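Residue numbering for the sequence shown follows my numbering, beginning at -1 and increasing consecutively. Beta carbons are placed, not taken as given, at the ideal position from N, Cα and C, and that holds for glycine. None of the values given here were measured: they were computed from a predicted structure.
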Amino acid sequence: MNLSIVDLAPVPDGSSATDAYENTTEFAREAERLGYSRFWVAEHHGMADAIASTTPEVLIAHLLSRTSDIRIGSGTVLLNHYSPFKVAETFGALDALAPGRVDLGLGRATGIPAADHALRTERRQRNPDESHAEKIEETVEHLHDGFPDDHAYAELQIARSAADVPESWVLGSSPSSAKIAGELGLRYCFAAFIRPNLAERAFETYREHFEPSSLGAGPDEPHGMLAVNAACAETDREAARLRSSAEASYRRMQRGVVGRTPSVEEAVDELGGVPEPTPEPLPADEWPRAVSGSPETMRSLLEQLTDRVGVDDVIVQNIIADHDDVLRSHELLADAVGLSGR
């Protein structure tokens, strides 16, 4: 199993974005030491008191300079906010700075209305799936010089490395994003912490529609990755206690409340106690939004989930308030699946 990480650069309580970025940098360096395959940073807007990962391209440049060989990328660039050409230019330049180490994860999302308006983003579109697919395809065509000679963009060039281009991924949480990824022949990552019940159908859709990219922008065969929210600790009970922050955050979001990650103590109080440990094995029809366990339990859970969707790659998100707990959780996860540290 290949294991990766996606980070939101959460702002510690009473701290600033500076502290968040320092934590993210330490996290990326530790991920590299432990043998994780990739370290991605997310994109969120209008939540600066809680999430500092607003500009993944800036964080990626910094993290590339502070690491040696782990792949660094976006999880995700919200393409509905930007021009495909500008995204291609940005990631071409990043890849030129660190050839062969940059991942371009492309997705979409609307957020706080004021932030979307400030970004000049159209929240309502007649054919949003079609528009999104066109923007992804155009981004990839810029990166791979894929426009025909008579196209208006055929003469546009981007700054790039001599031999490499960023590795392109489609990120999503529905079968529609899976269909786009398959038809364009790109790698696909499904966010099971958003809509876990759609995971199996999404990967089936991806494989059903997969055709290798005519530009050579993707793999010859379908290549998928499962994104899960996970907490690992020495015991199942302690891991469930850590998972309480995620469970409380989900409940808050259901009430329309967004903000900083609650501490374990706050979360346990809101939930009325520590959540039950994630059952192992999982019931056949159960897809939890967050899982937790000891290293032995987590290895079994991740094997179950990846077997269900037929992938070998997992990328882990966590909602854990304490930075030291985050680092320890990922150290235990790396041990659980047998990563070979650097």
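Q: Rounded to whole angstroms, what's the CA-CA distance from H156 to R253? Just pull it up for me.
A: In the sequence on display, residue 156 carries Ile and not His. It is roughly 44 Å from the alpha-carbon of I156 to the alpha-carbon of R253.
Q.
Beta-carbon within less than 6 Å of S298's beta-carbon, same chain only, minus the 5 sequence neighbours each way: which residues are those?
A. Hits under 6 Å: E278.
Q | Sub-8 Å separation of R158 and G90 beta-carbons | A | The criterion of a C-beta distance shorter than 8 Å is satisfied by R158 and G90.
Q | Host beta strand (DSSP E) of Y186 (start-end) | A | First-last of the beta strand (DSSP E) with Y186: R185 to A189.
Q) How many angstroms separate the CA atom of G12 from the CA atom of A18? A) Whole-angstrom Cα-Cα distance: 11 Å.
Q: Look at the Cβ atom of V347, then the Cβ atom of D5, and state whether they are nearer than 8 Å.
A: This structure leaves residue 347 out entirely; the chain is present only between -1 and 340.
Q | Run of the beta strand (DSSP E) containing I134, from where it starts to where it stops | A | Where I134 is concerned, there is no enclosing beta strand (DSSP E), although the alpha helix (DSSP H) it sits in stretches over P126 to L141.
Q. Leaving out the 5 sequence neighbours to the left and right, which residues in its chain are closer than 6 Å to Y34 when beta-carbon positions are compared?
A. Short of 6 Å from the beta carbon of Y34, and not among the five residues preceding or following it, lie these beta carbons of its own chain, in chain order: L1, S2 and I3.
Q: From the DSSP output, read off the bridge partner residues of N0.
A: DSSP lists D311 as the bridge partner or partners of N0.
Q. Can you find a heavy atom of the ligand SAM that lies under 7 Å from the Cβ of T22?
A. Among the ligands in the structure shown, none appear at all, so the ligand SAM cannot be discussed.
Q. Tell me, which residues are paired with P8 by DSSP?
A. For P8, which the question treats as bridged, DSSP gives the partners I49.
Q. Whose CA, out of A26, P260, R239 and V9, lies closest to the CA of V314?
A. Ranking A26, P260, R239 and V9 by Cα distance to V314 puts A26 first.
Q.
At the level of alpha carbons, what is the spacing between R118 and S247?
A. R118 and S247 have their C-alpha atoms spaced approximately 29 Å apart.
Q: Out of K177, S292 and P281, point me to the one whose CA is closest to L303's CA.
A: Of the listed residues, the one whose Cα sits closest to L303 is P281.
Q) Taking the C-alpha atoms as reference points, what is the distance between E206 and G183? A) Rounded to the nearest angstrom, the two C-alpha atoms are 11 Å apart.
Q) Hey, A341 and I178 are a contact pair by Cβ (cut 8 Å); roughly how many whole angstroms apart? A) The structure shown does not extend to residue 341, since the chain is modelled only from -1 to 340, so the question has no answer here.
Q) Is N426 helix, strand or coil by DSSP? A) This structure leaves residue 426 out entirely; the chain is present only between -1 and 340.
Q: Spell out the partners DSSP gives V39 in its beta bridges.
A: Looking at the DSSP assignment, V39 forms a beta bridge with D5 and S72.
Q.
Helix, strand or coil, according to DSSP, for E264 in the structure here?
A. Here E264 sits in helix by DSSP.
Q) Touching or not, the segment 231 to 248 and the segment 305 to 322, by the rule of three or more beta carbon pairs under 8 Å? A) At 8 Å Cβ cutoff, the stretches touch.
Q. Straight-line CA distance for D267 to P273?
A. Their Cα atoms are separated by approximately 11 Å.
Q) For L169, which option in M223, G144 and A116 has the closest C-alpha, if you only look at C-alpha atoms? A) Put simply, of M223, G144 and A116 the residue whose alpha carbon is nearest the alpha carbon of L169 is M223.
Q) So D218 packs on E165, CB below 8 Å; how close in whole Å? A) Contact flag wrong, Cβ pair sits at about 14 Å.
Q) What three-state label does DSSP hand D343 in the structure shown? A) Nothing in the structure corresponds to residue 343, since the chain is present only between -1 and 340.
Q) Can you give the Cα-Cα distance for T65 and G98, rounded to whole angstroms? A) Rounded to the nearest angstrom, the two C-alpha atoms are 13 Å apart.
Q. If we call anything under 8 Å between Cβ atoms a contact, is A265 one with A225?
A. Taking 8 Å as the Cβ cut-off, A265 and A225 do not qualify as a contacting pair.
Q: Measure from the alpha carbon of P260 to the alpha carbon of each residue in D47, K84, M(-1) and E24, then state which is nearest.
A: Of the candidates D47, K84, M(-1) and E24, D47 places its Cα closest to the Cα of P260.
Q) DSSP state of L350, grouped into three classes? A) The question about residue 350 has no answer, for the chain in this structure spans -1 to 340.
Q. Would DSSP call G222 helix, strand or coil?
A. Note: G222 maps to strand in three-state DSSP.
Q | S247, enclosing alpha helix (DSSP H) - first and last residue | A | Bounds of the alpha helix (DSSP H) holding S247 are D234 to Q252.
Q) Since G90 is in the beta strand (DSSP E), which residue starts that stretch and which ends it? A) G90 -> not in any beta strand (DSSP E); alpha helix (DSSP H) instead, spanning P82 to L95.
Q: Just the C-alpha distance for V85 and T137, rounded to the nearest angstrom, thanks.
A: Straight-line spacing of the CA atoms in V85 and T137 works out to 7 Å.
Q: Would you mind stating whether R258 and V75 have Cβ atoms separated by less than 8 Å?
A: Not a contact, by the Cβ cut-off of 8 Å.
Q | DSSP three-state assignment for V289, whether helix, strand or coil | A | It is a strand residue.
**Q.** Helix, strand or coil at A197 according to DSSP, with G and I counted as helix
**A.** Three-state DSSP puts A197 in a helix.
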